[in-house]
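This report refers to the structure that appears directly beneath it.
Residue numbers (the numbering used here): 925 to 1252.
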């Protein structure tokens, strides 16, 4: 139900925009390159609360490229492991199906809305080709939400584990336990002959033989009946008869801290600054080396030998620069 970051979590379908994309968990740069990303600090689509999804408008497939064209009443379909859910776009203040907010207006991801409490929030950069603002589309859930289940370990409790089967029996303190005698090894040379069948027929029956005959006849002894009666639990007077097993009560999703940003997938990854600078300096060093070698040697061979490492280093530099820049 709660996959790892970067893994598929839902399928979103917007018929009015002809959009059908797989939603992944997380809003990191690497997550939004795969498709729309679900904010991990919000409920899953279909559950109670404000489920939020971010996406690009101009790059990496542009899943939310035309969400500014959504009108009130347009439907959004989302499929998760819990079912298929229908959301309907609601009108904003000016009657359109979206609003424009500042990049710091993360309150749109809150969970305490009185109006349309069970909603779906779509976020993207605005305008196209810029990350100066954010465009927000809100849709309400049609129907009742599905249960929200708490993730294992998120409330500080011990992780769930399979129950061990207790095979030990409780000893009765009033019962006298007679140890089993050890078997006696009989020498064949000194063994006493066993009685014949005739002697067995005329032998005086012993208590053990009587018990054996009763057991063979299928009649339980009084001692055995008492033991069986003691092993059967007797229900108390107020106990109810056993009924069908009850299904586990779903737990509410644990409260999460409020969002502080729209995620690095839209704001950019600040951790990519150091490697971008280092790769840029490496590319600059190769460039100056090629110029120096061309003056001391011949230009064409020097430039040819420096071209491949220069292109590789420049690729790594721009790859990290792409992570720094806000995603569109």
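Ideal placement from N, C-alpha and C gives every residue a C-beta, glycine not left out. Computed from a prediction, not measured in an experiment: that's the story for all the values here.
- Message: Let's test the definition: count the other Cβ atoms within 10 Å of the Cβ of residue 872 and tell me whether it reaches 16, buried, or not, exposed.
- Response: There is simply no residue 872 to check, as the chain begins at 925 and stops at 1252 in what is shown.
- Query: Excluding sequence positions up to five away, which residues of its chain have a Cβ less than 6 Å from the Cβ of residue 1121?
  - Reply: Your numbering for residue 1121 matches position 197 in the chain shown. Reliability fails at residue 1121, whose pLDDT of 42 lies under 50, so the model's placement of it is uncertain and no value is given.
- Message: Here's the rule: buried if 16 or more other CB atoms are within 10 angstroms of the residue's CB, otherwise exposed. What is residue 955?
- Response: Translated into positions along the chain shown, residue 955 becomes position 31. Looking at its Cβ environment, which holds 16 or more other Cβ atoms inside 10 Å, residue 955 is buried.
- Message: Pop quiz: residue 934 and residue 1004 are said to be a contact at Cβ under 8 Å. What is the actual Cβ separation, rounded to whole angstroms?
- Response: Working through the chain shown from its first residue, we reach residue 934 at position 10. Working through the chain shown from its first residue, we reach residue 1004 at position 80. Confirmed, about 5 Å.
- Task: Only counting runs of 3 or more residues, tell me where the beta strand (DSSP E) segments fall wholly within the region 953-993, in order along the chain.
- Result: With a minimum length of 3 residues, the continuous beta strand (DSSP E) runs that stay inside the region 953-993 are 974-978.
- Task: Quickly, what does DSSP pair residue 1064 with across the bridge? List them, please.
- Result: As a position in the chain shown, residue 1064 is number 140, starting the count at 1. In the DSSP output, where bridge partners are listed per residue, residue 1064 has 1012 and 1043.
- Message: Rounding to the nearest angstrom, what Cα-Cα distance links residue 961 and residue 1222 in this structure?
- Response: Sequence index remark: in the chain shown, residue 961 carries index 37 (1-based). Sequence index remark: in the chain shown, residue 1222 carries index 298 (1-based). Distance between the alpha carbons of residue 961 and residue 1222 is about 52 Å.
- Task: Pull up the distance between the alpha-carbon of residue 1030 and that of residue 1060, whole angstroms please.
- Result: Residue 1030 sits at position 106 when you count from the first residue of the chain shown. Residue 1060 sits at position 136 when you count from the first residue of the chain shown. Looking at the two C-alpha atoms, the distance is approximately 11 Å.
- Query: Of all the alpha helix (DSSP H) runs that stay within the bounds of the region 1208-1251, which reach a length of 4 or more residues?
  - Reply: You should have 1223-1248.
- Task: Answer yes or no: do residue 940 and residue 998 have a C-beta to C-beta separation smaller than 7 Å?
- Result: By one-based count along the chain shown, residue 940 stands at place 16. By one-based count along the chain shown, residue 998 stands at place 74. Against a cut-off of 7 Å, the Cβ pair of residue 998 and residue 940 comes out as a contact.
- Message: Among 1042, 1218 and 975, whose alpha-carbon lies nearest the alpha-carbon of residue 936?
- Response: Here residue 936 is taken as the residue at index 12 of the chain shown, counted from 1. Comparing Cα positions, the closest option is 975.
- Query: So does the region 1033-1044 actually touch the region 966-975, counting three or more Cβ pairs closer than 8 Å?
  - Reply: Flag = yes, the region 1033-1044 and the region 966-975 touch.
- Inter-residue CB distance, residue 1238 and residue 1207 (contact presumed, cutoff 8 Å): The residue you call residue 1238 lines up with position 314 of the chain shown. The residue you call residue 1207 lines up with position 283 of the chain shown. Between residue 1238 and residue 1207 a beta carbon distance of about 5 Å is seen, short of the 8 Å cut, so the two are scored as contacting.
- Task: Could you pull the start and end residues of the beta strand (DSSP E) that residue 934 belongs to?
- Result: Position 10 of the chain shown holds residue 934. Start and end: 932-938.
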